[in-house]
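Participant: Residue numbers for the sequence shown follow UniProt numbering, beginning at 23 and rising by one.
Positions of the beta carbon are idealized from the N, C-alpha and C atoms, including for glycine.
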Amino acid sequence: TKSLKETLQEVIPGKQEQLRKLKTEHAQAVIGDVKVENIIGGMRGLKAMLWEASVLDPNEGIRFHGLSIPDCRKVLPSAPGGKEIIAESMLWLLMTGKVPSEAQTRQLSRELAEKGELPPFVEKLVDSLPATLHPMTQLGIGVAALNHDSVFQAAYEKGIKKSEYWTYMLDDCLNLIARLPALAARIYLNVYQPGTPLPAINKDLDLIGNYSTLLGFGDNHNLTEYLRLYIALHGDHEGGNASAHTAHLVGSTLSDPYLSYSAALFALAGPLHGLANQEVLRWQFAMQEEIGSDVSHEKIKEYLWKTLKSGQVVPGYGHGVLRNPDPRFIALQEFCDARPELHESSIIQLVKKTSEVAPAVLKEHGKTKNPYPNVDATSGCVLYHYGLKEFKYYTVIFGVSRALGALTQLVWARALGLPLERPKSLSIDALEKLIT
Ligand code: NMX
Ligand code: MLT
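1. Could you give the C-beta distance for A399 and Y325, rounded to a whole number, given that I count them as a contact under 8 Å?
2. Suppose the cutoff is 7 Å on Cβ atoms and the five residues either side in sequence are ignored; what does the same chain contact list for I107 look like?
3. Closer than 8 Å to a non-hydrogen atom of the ligand NMX - does that hold for the CB of Q129?
4. Does D194 come out as helix, strand or coil in the three-state DSSP assignment?
5. In terms of residues, what are the limits of the alpha helix (DSSP H) holding V302?
6. Is any non-hydrogen atom of the ligand MLT found closer than 8 Å to the C-beta of D348, if you look at the structure I gave you?
7. Going residue by residue through the segment 191-256, where are the continuous alpha helix (DSSP H) segments of at least 4 residues, counting only ones entirely within it?
8. Measure how close the beta-carbons of L162 and F351 come, nearest whole angstrom, since I'm counting them as under 8 Å.
9. Any heavy atom of the ligand MLT within a distance shorter than 8 Å of the CB on E260?
10. Where do the N-terminal and C-terminal ends of the alpha helix (DSSP H) with R424 fall, by residue?
11. Answer yes or no: do R66 and S265 have a C-beta to C-beta separation smaller than 9 Å?
12. Enumerate in chain order the residues of its own chain whose CB-to-CB distance from P122 is below 6 Å, with the five nearest sequence positions on each side excluded.
13. In three-state DSSP terms, what is Y339?
14. May I ask which residues mark the beginning and end of the alpha helix (DSSP H) holding L364?
15. Flag this pair as yes or no: are the beta carbons of T430 and L116 separated by less than 9 Å?
16. What distance in whole Å lies between the Cβ atoms of L290 and G421, which are believed to be in contact at a cut-off of 8 Å?
17. Under the criterion of a Cβ to heavy atom distance below 8 Å, does L68 qualify as lining the ligand NMX?
18. Could you pull out every residue in the same chain whose Cβ sits closer than 7 Å to the Cβ of I370, ignoring the five residues on either side in sequence?
19. Buried or exposed, going by whether 16 or more other CB atoms sit within 10 Å of the CB of A452?
20. Indicate whether the contact test is met: 3 or more Cβ pairs, each with one atom in the segment 191-200 and one in the segment 130-138, closer than 8 Å.
21. What residues are listed by DSSP as bridge partners for L89?
22. Tell me whether the beta-carbon of I53 lies closer than 9 Å to the beta-carbon of K69.
23. Could you name the residues of the same chain whose beta carbon sits closer than 6 Å to that of E260, not counting the 5 residues immediately before and after it, in chain order?
24. Could you spell out the range, first to last residue, of the alpha helix (DSSP H) harbouring V33?
25. Name the residue from E47, E311, K414 and N263 whose alpha carbon lies nearest to the alpha carbon of L294.
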């Protein structure tokens, strides 16, 4: 069975050759215009980044190396006794563009489990943080501190050839992914169950099976399966989203993967990005409290208007690129539809009913370019139903997941020898001069 590194070694030369051809034969080809609206509008719509693992179509949503979410659910290996995609098979697909065999997936699970313990000084560091510090801040601090053991940084200091960068990057990326469950679970226990010892990592379990166990939900098969699906689906969303883009930018300075991904986590921690999943639950519970037990479409509509008229955004709706309901939202809804016990959950039903009403309200409101739900509209309510109720923690789970895509691109950026990212900026005066 070929390892992930050996498989990458095989596919990298082909991609390097593709890029070499683009550089030498098509460097001057024009693929679009830069408009003033791109510069003053958060670069929306500007095609300006290379990103290998996934491409987002505004109408169809994400494809990972060409595979849609339903394709992935069919072909990517799950855990023994499970049905959902696991992080290892998604990571393999993102990194190599190939569907791993079951044996390859298990081998990767074991490799990650063997590397999963935290260095004692990082344990002490996160244990010393106040429980009132947001879990995302704690995660970012912990990930940055893991750079103490960066093999890329150590090798760079000694002096290595550019063509070798990616192998050290890969080692760091796998070490980081392996350690995320222990770090994220330690933060959870410190904040919500102080004094509870962290169980040991089980070498026979997949990454997220271990994460669930470390969080204290090892016997909760439904939650573990949901976490597996959640983490596989949130893994990558092309390159322009704020967290992935941040990792890419910081990584382009040859900062190691720990520092690059720590920076990405602080982008994910913003309410317009990953923190929206926490915000959705906070907002839906405030709605529930206000409208009481009579949860009608009419009452939800009134609450939506109240939110909009108070100048706030409706969390979980809208998107920078998507112009249809997010297929990740659809996949998570299908997970709920397939489980009768979830039909009884009041929070899951409220989220579902809200998604039936909100698009029409947002259309009438007339501002957002996409009135449909994004993944955050629904990702939290199932966690809540299955017992993971602390929604300030939810973005940490997103943070465990996004490492799969952001770190994949760091490996590829170094394998392809991509340069320092440094776009040209303009002042308003300079922009005016250009158009007059
Ligand atoms: N509720 C109210 N207004 C909205 C919403 C919404 N859900 N979405 C967009 N708008 C407004 C937006 O604030 C902007 O207003 P203004 O002109 O006053 O600045 C206007 O509609 C046009 O925005 P768009 O071009 O449609 O959206 P943009 O690409 O700028 O932003 C989001 C995308 C995702 C930031 C935005 O839709 C939003 O704030 N959504 C709510 C927060 C959210 O769910 N974020 C999670 C995204 C997914 N993720 O996981 O990262
Ligand atoms: C994501 O998964 O990163 C979000 O949907 C935001 C985005 O793609 O811009």
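Facilitator: On the basis of the data shown:
1. In fact, because the Cβ distance is near 15 Å, the residues do not count as touching under 8 Å.
2. Excluding sequence neighbours, I107 sits near C94, R95, L98, S100, R250, L251 and A254.
3. False, no ligand heavy atom lies under 8 Å from that Cβ.
4. In the displayed model, D194 falls within a helix according to three-state DSSP.
5. Following the DSSP letters along the chain, one finds V302 inside the alpha helix (DSSP H) bounded by residues A298 to I313.
6. It does: the Cβ of D348 is within 8 Å (strictly closer) of some heavy atom of the ligand MLT.
7. For secondary structure counted as the alpha helix (DSSP H) over 4 or more consecutive residues, the segment 191-256 holds these complete runs in sequence order: 229-237 and 243-255.
8. The identity of residue 162 in the sequence shown is Gly, whereas the question assumes Leu. About 26 Å; that fails the 8 Å criterion.
9. Yes.
10. From DSSP, the alpha helix (DSSP H) with R424 extends over Y416 to A437.
11. No.
12. Same-chain partners within the cutoff: S111 and W114.
13. Correct three-state label for Y339: strand.
14. Segment P362 to H365, the alpha helix (DSSP H) holding L364.
15. With contacts defined as CB atoms closer than 9 Å, T430 and L116 qualify as a contacting pair.
16. Cβ-Cβ separation between G421 and L290: approximately 6 Å, consistent with a contact (criterion under 8 Å).
17. Result no, Cβ not under 8 Å from the ligand NMX.
18. Cβ neighbours of I370 beyond the five flanking positions: C358, L364, C403, V404 and H407.
19. Result: exposed.
20. Between the segment 191-200 and the segment 130-138 there are three or more C-beta pairs closer than 8 Å, enough to call the two in contact.
21. Answer by DSSP bridge pairing, in chain order: F86.
22. Contact: yes.
23. When the five nearest sequence neighbours on each side are left out, the beta carbons in the same chain lying within less than 6 Å of the beta carbon of E260 are those of W73, S76, V77 and L78, in order along the chain.
24. Taken as a continuous stretch (DSSP letters only), the alpha helix (DSSP H) holding V33 covers L26 to H48.
25. Each of E47, E311, K414 and N263 was checked against the Cα of L294, and the nearest Cα belongs to N263.
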